[in-house]
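Residues in the sequence shown are numbered consecutively from 242, following this note's numbering.
Even glycine gets a Cβ: it sits at the ideal position worked out from N, Cα and C.
Since the structure is predicted, the reported quantities are computational estimates derived from the model, not experimental observations.
To start, the structure itself, in structure tokens.
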Amino acid sequence: MRVFVTGATGYVGFAVATALRRTGHDVYGLTRAAAKAPHLARREIRPVIGDIGDPKSYADTAEACSVLVHTAFESSASAVTKDKTAVDALIEAGRRGAQPKTLIYTSGVWVHGDTGGKLVDETDPLKPIKLVAWRPAHEQLVLQAKPVRGLVIRPGCVYGGRGGLTGAWFEAAAAGKAPTVVGAGHNRWTMVHVDDLADAYVRAAESGSAGEVFDVTDRSRATVLELATAAARAAGFQGEVRPVPLGEARRTMGDFADALALDQHVDARKAVRLLGWQPRHGGFVDEADLFCASWKAGRE
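Below is the structure:
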């Protein structure tokens, strides 16, 4: 298949584009920076220089592809507007050219909100935290964009390789600082390794499914304090990892603090059942030293 991936040099997007190419697909990867084009070319991904907020820079390429994968997202004041622009443009491209097209939208498990000890899945009512309150509307745009075959993937907190929230812990610990843990630290994040996540995208792209949402998470259940402590030790920090009260964290981190304080338990059995997907990595804690080494190598 010919596949177009936005955010192809980003943390998740690069893993997805690489996995798609490794499976034999012809992959076009959108990147804002021309300097990053060789990074894609080395992995046999065709670089497309453009910006998700400027559909003219990628519309023709998207129209010529049979699968469109939207992983790009910017942390800026205009991020939500740009995401909406990209979704609208990809839907329009999906309705032109070769038919039928598949459009895969990247959301996230934070739209489930705090689940506590309850196991939730795609059938449960959404309770998104403020930071991602806009995402369900964008999900629905994709799911209802007939005749485009719209799919939504909601990754857990992604780890492994060069980025993710655990990367921030490694960075802090390597600088001699304690990783930030918001709240008491007894909460649990729903997580997934970046390569396992990329495999889910490949399976979704090849499935021919439409109108489906997939929560993509592993089965690990370590507390956030256990995760952060493992990251700290792997990066050489031997001091105490002290949780920061949520109220204090909000003053410096804003709405992001509420995301870090989430206690979630999200079920991925639908992806297992319909896509044949299985997480191959057992979790972050047991191999934190390996993930830290990978993170360091990715920075060099």
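Where E285 sits in the DSSP three-state scheme: Walking along the sequence shown from the start, residue 285 turns up at place 44. Looking at E285 - three-state DSSP - the assignment turns out to be coil, as it is neither helix nor strand.
Spatial distance of R492 from S317 (CA atoms): Translated into positions along the sequence shown, residue 492 becomes position 251. Translated into positions along the sequence shown, residue 317 becomes position 76. Taking the straight line from one Cα to the other gives about 19 Å.
F532 in three-state terms, based on DSSP: If you number the sequence shown from 1, residue 532 lands on position 291. Helix, per DSSP.
Residue of V244, T247, V246, F255 minimising C-alpha distance to G405: The residue given as residue 405 occupies position 164 in the sequence shown. For G405, the closest alpha carbon among the candidates V244, T247, V246, F255 is that of F255.
Residue closest to A386, alpha-carbon to alpha-carbon, out of A334, K368, V373, A374: In the sequence shown, counting from the first residue as 1, residue 386 sits at position 145. The shortest C-alpha separation from A386 is found at A334.
Simplified DSSP assignment, three categories, for E489: Counting from 1 along the sequence shown, the entry for residue 489 is found at position 248. DSSP places E489 in the helix class (H, G or I) of the three-state scheme.
Where the alpha helix (DSSP H) through I332 begins and ends: Indexing the sequence shown from 1 puts residue 332 at position 91. Its alpha helix (DSSP H) spans residues 320-335.
Distance CB(A473)-CB(W410) smaller than 8 Å: Within the sequence shown, the letter at position 232 stands for residue 473. Within the sequence shown, the letter at position 169 stands for residue 410. Result yes, Cβ atoms of A473 and W410 sit closer than 8 Å.
First and last residue of the uninterrupted alpha helix (DSSP H) at L466: Position 225 of the sequence shown, counting from 1, holds the residue named residue 466. 465-475 is the span of the alpha helix (DSSP H), which, as asked, contains L466.
Cβ-heavy atom distance, K325 to the ligand SAH, below 7 Å: Among the components of this structure there are no ligands whatsoever, and the ligand SAH is therefore not found.
Below-8 Å beta-carbon distance, K387 vs any chain D residue: The chain labelled as chain D is not found in the depicted structure, where only one protein chain is given.
Burial state of D301, where buried means 16 or more other Cβ atoms lie within 10 Å: The sequence position of residue 301 within the sequence shown is 60, counting from 1. Its Cβ having fewer than 16 others within 10 Å, D301 is exposed.
Burial state of D437 (16 or more Cβ within 10 Å): Indexing the sequence shown from 1 puts residue 437 at position 196. So D437 ends up on the buried side.
Classification of S461 by the beta-carbon crowding that lies within 10 angstroms, buried from 16 upward: Start at 1 with the first residue of the sequence shown, and residue 461 comes out as number 220. So S461 ends up on the buried side.
Proximal residues to V268 (C-beta, below 7 Å), its chain only, five neighbours per side dropped: As a position in the sequence shown, residue 268 is number 27, starting the count at 1. Cβ within range, chain order: V244, V246, A258, L261, R262, I286, R287.
Three-state secondary structure (DSSP) of F525: Within the sequence shown, numbered from 1, the residue matching residue 525 stands at position 284. Coil, per DSSP.
Candidates D324, L331, A416: closest to C306 by CA position: Residue mapping note: residue 306 aligns to position 65 of the sequence shown, counting from 1. It is L331.
For T407, three-class secondary structure by DSSP: Counted from its first residue, the sequence shown places residue 407 at position 166. Three-state result, T407: helix.
Touch test, the segment 344-356 against the segment 467-484, Cβ-Cβ under 8 Å, three pairs minimum: no
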